[in-house]
């Protein structure tokens, strides 16, 4: 499984627009093949920071997601609207069941 953790910081002027675009993006992304989960959250310690948590079946599904024109348009919009450079980290992971150790 591939896990993506990303974040973007809004300004007071861009917060509502980033919120709207982010919700549209996660809903659209959830319908893509290989998407296990795609969510956006507001950081309770910094309400201007949006945090994205995504789970993908494999790297090819994530790369296909990145190639979708709407995903690229979303990323470009975030770069323009954010008050700091967006952050993105990608991890490869296996699920661990502590009851089976």
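In my numbering, the protein residues as written are 297 to 397.
No residue lacks a Cβ here, since even glycine has one placed at the ideal position from N, Cα and C.
- 356 is the residue among 313, 338 and 356 whose C-alpha sits nearest the C-alpha of residue 331.
- Classified as buried, residue 306 has 16 or more neighbouring CB atoms from the shown chains inside 10 Å of its CB.
- Remark: three or more beta-carbon pairs, one from each stretch, lie closer than 8 Å, so the stretch 305-323 and the stretch 340-351 are flagged as touching.
- Separation of the CB atoms of residue 298 and residue 352 is rounded to 4 Å, and the pair is thereby assigned contact status at 8 Å.
- Here residue 304 is buried, its C-beta having at least 16 other C-beta atoms within 10 Å.
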